[in-house]
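First comes the structure, then the notes that go with it.
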Amino acid sequence: MVEHRVQLENFYGPLDLLLYLIKENELDITRIPIARVAEQYNASLAMMQKLDIDMAGEFLVMASQLMLIKSRSLLPPPEAEEDEEEDADPSVDLIRKLLEYKKYKDRGRELLRMADERALRHGRPPLKLESEEGAKEVDEPIHDVELWDLVLYFSKVFRQTLLDVPIDILYFDTPIEVFMDRISAALSAKGEVTFAELVAEKENKGLVIGTFLALLELIKKQEIRAEQAEEGGDIRIIRVAPTEVNPPVSG
0 MVEHRVQLEN
10 FYGPLDLLLY
20 LIKENELDIT
30 RIPIARVAEQ
40 YNASLAMMQK
50 LDIDMAGEFL
60 VMASQLMLIK
70 SRSLLPPPEA
80 EEDEEEDADP
90 SVDLIRKLLE
100 YKKYKDRGRE
110 LLRMADERAL
120 RHGRPPLKLE
130 SEEGAKEVDE
140 PIHDVELWDL
150 VLYFSKVFRQ
160 TLLDVPIDIL
170 YFDTPIEVFM
180 DRISAALSAK
190 GEVTFAELVA
200 EKENKGLVIG
210 TFLALLELIK
220 KQEIRAEQAE
230 EGGDIRIIRV
240 APTEVNPPVS
250 G
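Numbering that gives the first Met the number 0 puts the sequence shown at residues 0 to 250.
Have a look at this one:
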């Protein structure tokens, strides 16, 4: 397979994936349908394993915890020691952790928003896309794509176009830097490019997976940004200008 493993940063942990799934399904954190969320969580893990993304052990621990909660939900409630059982209920602990993590993540987003506002006050121009004809302002209704958006999008592409491709095509030794250079060259030539354009030869599993891993690595390095005009739509890739790079948020 591609000789590279994309490592997830600390803030892309199992709680982040769970919070994303809850948001995507428009669920109440305090009333999570464990069976549905556990199924989607395990499907996401399976896809990351197919992509050889280096996941921390906490992801598997969380998968086990979800299965425990799911199995307990199928059992009749205990007749005695209800208060003691509620305190020991793993679902209560999970909800508490999710609420704490959401509070932390919301604070991080607010700090980034404040940093953007300060940068604008000091003369940073609005977001523009680079192209041969010059930069142009973005006016479409788009949103920045999260890691989990990319994983779910790739899962859809994989199911629709690659599921029946022979598995032996998957294994080859093209360095990920080659795919990163191809993405950079496409952006230099066109200013922006879609994921579908980058993987036009969809009959080759290795090409698609290598391009996807390179995309994750470039996003991690803040050299590109991925955007989506509509849920489930194609991923648009844009080069990040040096003035748009955000410093790490502490605390």
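C-beta atoms are modelled at their ideal positions from N, C-alpha and C, and glycine is treated no differently. A quick note: this is a predicted structure, and the numbers were derived from the prediction, not measured.
Opposing strand residues paired with residue i [DSSP bridges]
{"i": "ARG238", "result": "ILE223"}
For residue i, the nearest candidate out of the options (CA to CA)
{"i": "LYS104", "options": "TYR11, LEU212, SER154, MET46", "result": "TYR11"}
{"i": "VAL60", "options": "LYS189, LEU17, VAL239, GLU145", "result": "LEU17"}
{"i": "LYS189", "options": "LEU67, ARG235, PRO13", "result": "ARG235"}
{"i": "ALA240", "options": "GLU229, ILE218, GLN227, VAL144", "result": "ILE218"}
{"i": "LEU212", "options": "PRO174, LEU93, SER43", "result": "PRO174"}
{"i": "TYR100", "options": "GLU25, ARG30, TRP147, PRO13", "result": "PRO13"}
{"i": "LYS102", "options": "ILE28, ALA195, LEU214", "result": "ILE28"}
{"i": "GLY205", "options": "PHE157, ARG95, ALA185", "result": "PHE157"}
{"i": "ALA199", "options": "ILE31, ASP233, LEU111, LEU44", "result": "ASP233"}
{"i": "LYS96", "options": "GLU145, ASP15, MET179", "result": "ASP15"}
Buried or exposed by the 16-neighbour rule on C-beta atoms within 10 Å, applied to residue i
{"i": "GLY56", "result": "exposed"}
{"i": "ASP88", "result": "exposed"}
{"i": "LEU98", "result": "exposed"}
{"i": "GLU226", "result": "buried"}
{"i": "LYS22", "result": "exposed"}
{"i": "SER70", "result": "exposed"}
{"i": "LYS155", "result": "exposed"}
{"i": "ARG238", "result": "buried"}
{"i": "MET113", "result": "exposed"}
{"i": "GLY209", "result": "buried"}
{"i": "LEU65", "result": "buried"}
{"i": "LEU119", "result": "exposed"}
Which runs of the beta strand (DSSP E) spanning at least 3 residues fall entirely within the region 146-227, listed in chain order? For the region 146-227, whole beta strand (DSSP E) runs of length 3 or above, ordered along the chain, are 191-193, 223-227.
Is it a yes or a no for the region 30-49 touching the region 98-114, going by three-plus beta-carbon pairs under 8 Å? Not touching, per the Cβ criterion.
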